[in-house]
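J.:
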Amino acid sequence: DTGVSQDPRHKITKRGQNVTFRCDPISEHNRLYWYRQTLGQGPEFLTYFQNEAQLEKSRLLSDRFSAERPKGSFSTLEIQRTEQGDSAMYLCASSPGPSSGANVLTFGAGSRLTVL
Amino acid sequence: QQQVKQSPQSLIVQKGGISIINCAYENTAFDYFPWYQQFPGKGPALLIAIRPDVSEKKEGRFTISFNKSAKQFSLHIMDSQPGDSATYFCAPLGGDSNYQLIWGAGTKLIIKP
């Protein structure tokens, strides 16, 4: 296993366009998380999945944002009608879940979104 | 209740010196206290973590100290090296939150050769 993979690494789009990011977690991890990080800030929690179920969703996640994890493996994060304020690094992480002990996150390298 | 305050915001240390980063929290239900390290262009990675049943944990040059009464924990990097230059985040969890919901704002550490 090569860790958590995110694609694309960088996306430049025009305001109003839709974008989709994909995350492939570590295969044996049943939890998958999405965070957003802007320059000079810590990660902001967006949502997480336990297998295919979306268990928590931040108030930061407006109705323009939707995340899926259809088969409990990879996940997609879609942003519709992008705004300049959506420009950020979108980080995906996975973990085996708290039942295995401490909830240690393994992050991908992130997908950087630039909205012009 | 969920706020986490990290200090300092940035830190410059000479090679070989000691780097100290602090994290203060409010939620007394937290029971896992990790520090993550992030290099430019990469996601954060767990560096070291502590449970509240011990006051200190050491892994190589990295030590984490925990002060339950003060509701804070610290990262100490001994013999700091240029390769330690990165941004460090605390992200305590526990109680109602069994995942890393709240993160500190980060400390940008620069080690001068």
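Top line first, the protein sequences correspond to chains A and B.
For the numbering used here, count along the first sequence from 1 and bump the result up by 238.
For the numbering used here, count along the second sequence from 1 and bump the result up by 4.
Glycine is no exception: its CB is placed at the ideal position from the N, C-alpha and C atoms.
Bear in mind the structure is a predicted one, so any value in this text is a computation, not a measurement.
1. Would Pro38/B be called buried (16 or more neighbouring beta carbons within 10 Å of its own) or exposed?
2. Grouping DSSP H, G and I as helix and E and B as strand, with all else coil, what is Gly98/B?
3. So, using beta-carbon positions, are Gln104/B and Pro308/A closer together than 9 Å?
4. Would you please verify whether the beta carbon of Thr344/A is less than 9 Å from any beta carbon of chain B?
5. Given that Tyr286/A touches chain B, what residues does it touch there, using C-beta distances under 8 Å?
6. Only counting the same chain, and skipping five residues up and downstream in sequence, which positions put a Cβ closer than 6 Å to that of Asp245/A?
7. Quick one: grab the DSSP three-state call for Asp262/A.
8. For Gln10/B, report the span of its beta strand (DSSP E) as first-last.
9. Sorted by chain position, which residues of the same chain lie with C-beta nearer than 7 Å to Pro86/B's C-beta, five sequence neighbours on each side aside?
10. Nearest by alpha-carbon distance to Gly108/B: which of Gln76/B, His80/B, Asp100/B is it?
11. Measure from the alpha carbon of Glu306/A to the alpha carbon of each residue in Glu316/A, Met327/A, Phe283/A, Ala331/A, then state which is nearest.
12. Give the straight-line distance between the Cα atoms of Gly254/A and Gly348/A, rounded to the nearest whole angstrom.
13. Can you check which of these residues, Ile22/B, Phe66/B, Cys27/B, is closest to Val8/B by C-alpha distance?
T.: Result, derived from the coordinates:
1. For the purposes of this step, residue 38/B is taken as the residue at position 34 of the second sequence. Buried, since its Cβ has 16 or more Cβ neighbours within 10 Å.
2. The count along the second sequence starts at 1 and reaches residue 98/B at position 94. Of the three classes helix, strand and coil, the one that applies to Gly98/B here is strand, per DSSP.
3. As a position in the second sequence, residue 104/B is number 100, starting the count at 1. As a position in the first sequence, residue 308/A is number 70, starting the count at 1. Their beta carbons are not under 9 Å apart, which means Gln104/B does not touch Pro308/A by this criterion.
4. For the purposes of this step, residue 344/A is taken as the residue at position 106 of the first sequence. For Thr344/A, the answer is yes, since a Cβ of chain B falls inside 9 Å of its Cβ.
5. Taking the first sequence and counting its residues from 1, the one referred to as residue 286/A is at position 48. Within chain B, the residues near Tyr286/A are Tyr103.
6. Within the first sequence, residue 245/A is the residue found at index 7, counting from 1. So the list reads Arg260, once near-sequence residues are dropped.
7. Residue mapping note: residue 262/A aligns to position 24 of the first sequence, counting from 1. Strand.
8. Here residue 10/B is taken as the residue at index 6 of the second sequence, counted from 1. Unbroken beta strand (DSSP E) run through Gln10/B: 8 to 11.
9. Translated into positions along the second sequence, residue 86/B becomes position 82. These residues qualify, in order along the chain: Lys19, Ile115, Pro117.
10. Along the second sequence, read from residue 1 onward, the residue named residue 108/B stands at position 104. Comparing Cα-Cα distances from Gly108/B to each of Gln76/B, His80/B, Asp100/B, the minimum goes to Gln76/B.
11. Translated into the one-based positions of the first sequence, residue 306/A becomes position 68. Of the listed residues, the one whose Cα sits closest to Glu306/A is Glu316/A.
12. In the first sequence, counting from the first residue as 1, residue 254/A sits at position 16. In the first sequence, counting from the first residue as 1, residue 348/A sits at position 110. The straight-line gap from Cα to Cα measures roughly 22 Å.
13. If you number the second sequence from 1, residue 8/B lands on position 4. The shortest Cα separation from Val8/B among Ile22/B, Phe66/B, Cys27/B belongs to Cys27/B.
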